[in-house]
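Just so we're aligned: the sequence shown equals residues 55 to 982 in the numbering used here.
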Amino acid sequence: LCKEACINTEHKPSCIDLIINEPNMRVRITSGYNRGINLSKLIRIYTKFDSRVIKLLRLFRILSKTCNIDKPDLGTLHPIAFHIMVIHFLQQIDPPILPCLHEYVFGIDHVPITMNENQYPEFFRICNVYSREWKSKNTTDIEMLFLQLLSYYVKTFNTKQFVVSIQTRMPVVKIDKNWHSKKLLVEDPSDIKRSLCQTMQAIRSINYFRDTINTALNYFGRKQKRIKKVQSNQCSNENNDDDLIEIIAEDENEIPIIEPTNSLHSSYNLFYKRLPLTIVRDVNIRQSRVRDYYKKTFETKISEPIIKINSLVDQQNENLNENEIEEAFQHDLEHNFETMDANDDEQNNSLDIIVPNNDNDYDDNLNTDFDELNIENDIDQKQSAVRQLFSSTNEENNSNETNHSSPITTDNEQGIANIYDNKYPNNNNNNHGDEKSITIDELMQNLNKKQRRTLNRAYERQGNIVNDKVIEVYEKLKPTSKDKNETTNVDIPLIESISIEIQEDTNKNSSDDNPSVFTSPIKDEQLSSIDNPSSDLFYDFQAENFHAEQGAPFVCTICNNVGHLKSECPELIVPNMIDLPERSQEWIEILSSLCYYITERCKPKQIDIENRERILKQLQKQFEKDYPDCNLYAFGSFYNGFGFRQSDLDVCIVFKDQRDENPDEVIQIMRKILKSMRSNSDTFESVQAILHAKVPIIRSRHRRLQIEIDISFHNMLAIENTRLLKAYADIDPRVSQLGYMIKHLAKTCDIGDASRGTLSSYAYIIMVIHFLQQIQPPVLPVLQQLSGNATKKNSLYRKCSKWNVYFYEDLLTLNNLWKNENKLSVGELWIEFLRFYTEEFNYDERVVTIRQIEPLLKYEKGWFRQTIAIEDPFELNHNLAGGLSIRNWTTIRRVLIRARQQFGLQSKDVDISKPDMQLIQVRILFSN
55 LCKEACINTE HKPSCIDLII NEPNMRVRIT SGYNRGINLS KLIRIYTKFD SRVIKLLRLF
115 RILSKTCNID KPDLGTLHPI AFHIMVIHFL QQIDPPILPC LHEYVFGIDH VPITMNENQY
175 PEFFRICNVY SREWKSKNTT DIEMLFLQLL SYYVKTFNTK QFVVSIQTRM PVVKIDKNWH
235 SKKLLVEDPS DIKRSLCQTM QAIRSINYFR DTINTALNYF GRKQKRIKKV QSNQCSNENN
295 DDDLIEIIAE DENEIPIIEP TNSLHSSYNL FYKRLPLTIV RDVNIRQSRV RDYYKKTFET
355 KISEPIIKIN SLVDQQNENL NENEIEEAFQ HDLEHNFETM DANDDEQNNS LDIIVPNNDN
415 DYDDNLNTDF DELNIENDID QKQSAVRQLF SSTNEENNSN ETNHSSPITT DNEQGIANIY
475 DNKYPNNNNN NHGDEKSITI DELMQNLNKK QRRTLNRAYE RQGNIVNDKV IEVYEKLKPT
535 SKDKNETTNV DIPLIESISI EIQEDTNKNS SDDNPSVFTS PIKDEQLSSI DNPSSDLFYD
595 FQAENFHAEQ GAPFVCTICN NVGHLKSECP ELIVPNMIDL PERSQEWIEI LSSLCYYITE
655 RCKPKQIDIE NRERILKQLQ KQFEKDYPDC NLYAFGSFYN GFGFRQSDLD VCIVFKDQRD
715 ENPDEVIQIM RKILKSMRSN SDTFESVQAI LHAKVPIIRS RHRRLQIEID ISFHNMLAIE
775 NTRLLKAYAD IDPRVSQLGY MIKHLAKTCD IGDASRGTLS SYAYIIMVIH FLQQIQPPVL
835 PVLQQLSGNA TKKNSLYRKC SKWNVYFYED LLTLNNLWKN ENKLSVGELW IEFLRFYTEE
895 FNYDERVVTI RQIEPLLKYE KGWFRQTIAI EDPFELNHNL AGGLSIRNWT TIRRVLIRAR
955 QQFGLQSKDV DISKPDMQLI QVRILFSN
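Following this line, the structure appears as structure tokens:
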């Protein structure tokens, strides 16, 4: 039935990959992968809006498969990224072929957004209804769209500043996402904090991807002529410059007034051109400002969101009124963001190429791939050339009405006519109509180069406005079919009519009315030629046509180096461990003294505790003014028995009526508290809302004490976790000492920050407790399995947020149920802890847990990744090591192995008779 079945632990969530024998098809089986299901449904819905979408998706995927740029294991992109790129382009083209569904449903103020699972059914229902109502005004054929798609990502899209997003038509800036990479980033519409391009990081892979798309545009942009008596699928090399679809590389010293009509880049409009140049010129512009500019592009009232969401969007700017917003726009103009200056570089400031690269290299590529049109600097020569171009075009169209016509006409046609006729159109209703008209030459005579650029751009924008109005009037006239046949257009002679068709199964059933982009894998023989017998043109999807016959370079996705795959990465090699000799009692005593020394240095002093209690009372007093029934609870590392002196103050607000369990109520409360804390600026500073955390918080800092404060709502599990860890720390002083040792080691070696892909300090404490429960005899009991009344029903159950948070907390009577018989010193326990996690623990099969003494296996939890798995003691489906990468896990294992050696071997440089703890700490922790 199947073969090559294996568990893929690198996929999130873990899955089973196999091959079905009949038909020969790869299958991936997983569970709980709602993000992937929702993303597939979203793309399928987009294919319902226009029949051209599915064709363009398949064309781009065939190109990516042919060129081997859809292999994430080799350091290129995941196939889904190409679907998102196509949808994004079809949204950005003007008029659009596809809408932005998230913006349509949730409104401009709430996108981009990561939806909750319970929001998807209603979202999909609304989108399906909308797909039957939507009608695009863009009639461009699929062949032209394919060329324009390639042109968009080669010539136009600015990866340095913007993100490819399909949730909104508004440009999404990287700076607000804290994505500082200048590489191509495609936002995952199901999780806006996730980039779909994370597998393509190596420069070699990025250059290969860019060159492939560039070469594809060069190939399809030329007239590939059929060779007589064709013997193979090779294209003719007998092309000349007249076959080329021009892509104009603008000269850095002179900007042409308009690109020629055979320029592919000028064959389509983009929405971003409606926006002020501020968005492109100001690299530090924030998303809120972009949103304000975006709203101004709407000629009619912005529709209300269909699904309303209460949020704190733009709360930091909530005091801005309309006048202040206008002043902010004026600030942009005063700082010259609206105009170009002499130092502007088109490549850096316009929406241009797909990845940043050496400017000279890119110019060389353009010169090699595309024959540039030489444009003289003399304005009179430009005017003459364009007059002749439009004259010949009009004559050709008037003489031959049967010529193939493109539905896209020149955007600036009216503006060009005005410029090159050297006059403005007369207007009898104008108060100045009798005055002598001014020529464009006269306006430019006394201007320098920078000023002429500014005037040209401003004039072109006015031409765009006139064109839009003319098209609007034309559409209202609704010409008859006879009129349409007699109409002569000024068309862009891009390419002759060719047929780009993908081979499809002719035996379709009724279920294929809305074909899925996730069809069966494309076979090599299906990478068919684009061949029209009635034409001289011949196009072939062969790798050599795109300089991709060698395929993508083998790139390791771990270290981003070329020449080996992830499975062979040297950075995943763990060093061999040496045998540890017997340790002298003197060395054990030194290690115990070192544990005590580090604990005393790190743990909070009495003044630290009093300062935080003072802040807590200030907050309680201030919040009671608005909410008399609120209670404030401190939790977190400072209060769980393992806190550092500089630890943040974590505060949870709880209400007696449990209103904080309602998400909508929480948003309203956060707004009010945010305003209250900002009003008390003498006490609190840097007050801001952090909405994208797992638990939304308000973050601030006490101005005088400089203590960071995080305020959350109804975070009851965190409070219970704090109480549980504090109980374990109070059972035996050796527990907190080992906790401080591992936290100090993690901080020193930079492996203790979950936000950076390692482990949190909380996870390390769970590892310490687990070890102290498993060692024989144990140092700690399993409090969640102890009960003072085992005969009473439900004696081991206490519910909080749907989880059982019971643990035995009467430590005064603990000796009646459990005896501590372990007499090892803390120094010996520290060595045994390092040996336990380097020599004994089975990471492939077992889970670190503190809620049961029995072994907990990975397959029971469904956690199969090749890293450590750490179960939260209450929230049982939460793997505290879920965000740990295999590369960082290898680093952590190396640190533990190195620490085992450093602490396990007596240092020859240490004077045992007169130990200096500070010197010993430096020698052990910082020795190479």
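Think of the CB as a built atom: it goes at the ideal place given N, C-alpha and C, for glycine as much as any other residue. Since the model is a prediction, treat every value here as computed from it, not as a measurement.
Item, Value
"Pair within 7 Å by beta-carbon distance, V741 and R732", "yes"
"Beta-ladder partner(s) of C60, from DSSP", "D71"
"Close Cβ partners of S249 (< 6 Å) along its chain, the five nearest in sequence each way excluded", "L239"
"Touching by the beta-carbon criterion (3+ pairs, under 8 Å), the segment 660-672 and the segment 637-652", "no"
"Where R80 sits in the DSSP three-state scheme", "strand"
"Contact between the segment 253-273 and the segment 170-189 (3+ Cβ pairs under 8 Å)", "no"
"Exposure label - C181; buried when at least 16 CB within 10 Å", "buried"
"Chain-order list of residues whose beta-carbon lies under 8 Å from that of F274 (same chain, five-residue window excluded)", "F200, L201, L204 and Y593"
"Contact under 7 Å by Cβ, F861 with Q827", "no"
"Closest Cα partner of V902 within the set L934, L497 and R345", "L934"
"Whole-angstrom distance between V949 and F823, CA atom to CA atom", "Per the sequence presented here, residue 823 reads as Ile, with Phe not at that position. Computed Cα separation, rounded: 20 Å."
"Through-space distance from W943 to L673, alpha-carbon basis", "40 Å"
"Rounded Cβ spacing between M770 and P750 (contact assumed at less than 8 Å)", "Their Cβ separation, rounded to whole angstroms, is 15 Å, which puts M770 and P750 out of contact at 8 Å."
"contact_flag[the segment 916-924, the segment 65-80] where n(CB pairs < 8 Å) is 3 or more", "yes"
"Through-space distance from Y693 to K780, alpha-carbon basis", "7 Å"
"Simplified DSSP assignment, three categories, for S185", "helix"
"Runs of beta strand (DSSP E) wholly within the segment 201-288 (minimum 3 residues, chain order)", "245-249"
"G86 to E171 span [Cα, whole Å]", "12 Å"
"Short Cβ contact (7 Å threshold) for A606 with L128", "yes"
"Beta-carbon proximity list for G690, same chain, < 6 Å, skipping 5 on both sides", "D704"
"Beta-carbon proximity of R106 to I196, cut-off 7 Å", "yes"
"Euclidean distance between Cα positions of K679 and L728", "14 Å"
"For I73 and K57, believed in contact at Cβ under 8 Å, the rounded distance", "5 Å"
"Of the listed residues Y326, Q700 and M631, nearest to I661 (C-alpha basis)", "Q700"
"Reduced DSSP category for D718 - H, G, I as helix; E, B as strand; rest coil", "helix"
"Buried/exposed call for P635, threshold 16 Cβ in 10 Å", "exposed"
"Where I707 falls, given that 16 or more other Cβ within 10 Å makes a residue buried", "buried"
"Under the three-state DSSP convention, the category F928 falls into", "coil"
"Which residues DSSP lists as bridging S744, in chain order", "The sequence given here has Ile at residue 744, not Ser. Looking at the DSSP assignment, I744 forms a beta bridge with I751."
"C-alpha gap between K191 and R343, whole angstroms", "29 Å"
"Whether L888 touches R788 by CB criterion (7 Å)", "no"
"Reference L973; option with closest CA among N615, I652, E929 and T812", "I652"
"Coil, strand or helix - H142 by DSSP", "helix"
"Euclidean distance between Cα positions of C803 and A953", "10 Å"
"According to DSSP, residues forming a beta bridge with H756", "F738"
"Three-state class that DSSP yields for E625 in the structure shown", "helix"
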